[in-house]
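Everything below concerns the one structure shown next.
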């Protein structure tokens, strides 16, 4: 028995105990039992469990699909954050390289100026 079937059987049992039947299923069960209440209760379970199990199975599949999509969104967000960090590092490295060139050139100009003064 699958988890969905077990859950469906438990739900049908709760409905029987509480007396809160699905009206359409109860009508079918009474009809198939020719009005015999005990037989109708057994028929109710036979009819109700497969339909509940199908609903539980669909809900489980939908939940699993939503979890997969959430994981995919999480991975995409993580990859995006990594990409942004890589771009920031590259930008910083380029800025640092540009500053290095700028200060190197400034140093050369100062040395040239000082040589021109004979110092």
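Numbering (the numbering used here), first residue to last: 63 to 181. Beta carbons are placed, not taken as given, at the ideal position from N, Cα and C, and that holds for glycine. Since the structure is predicted, the reported quantities are computational estimates derived from the model, not experimental observations.
Alpha helix (DSSP H) segment containing residue i, residue limits
i	result
residue 165	99–178
residue 67	65–80
residue 89	85–94
Minimum C-alpha distance to residue i - residue among the options
i	options	result
residue 120	162, 143, 65	65
Euclidean distance between Cα positions of residue i and residue j
i	j	result
residue 94	residue 103	11 Å
residue 101	residue 109	12 Å
residue 91	residue 77	14 Å
residue 178	residue 172	10 Å
residue 129	residue 117	18 Å
residue 98	residue 105	10 Å
residue 82	residue 89	13 Å
residue 124	residue 148	36 Å
residue 154	residue 174	30 Å
Distance between beta carbons of residue j and residue i, contact taken as under 8 Å
i	j	result
residue 70	residue 114	4 Å
residue 107	residue 74	5 Å
residue 111	residue 67	7 Å
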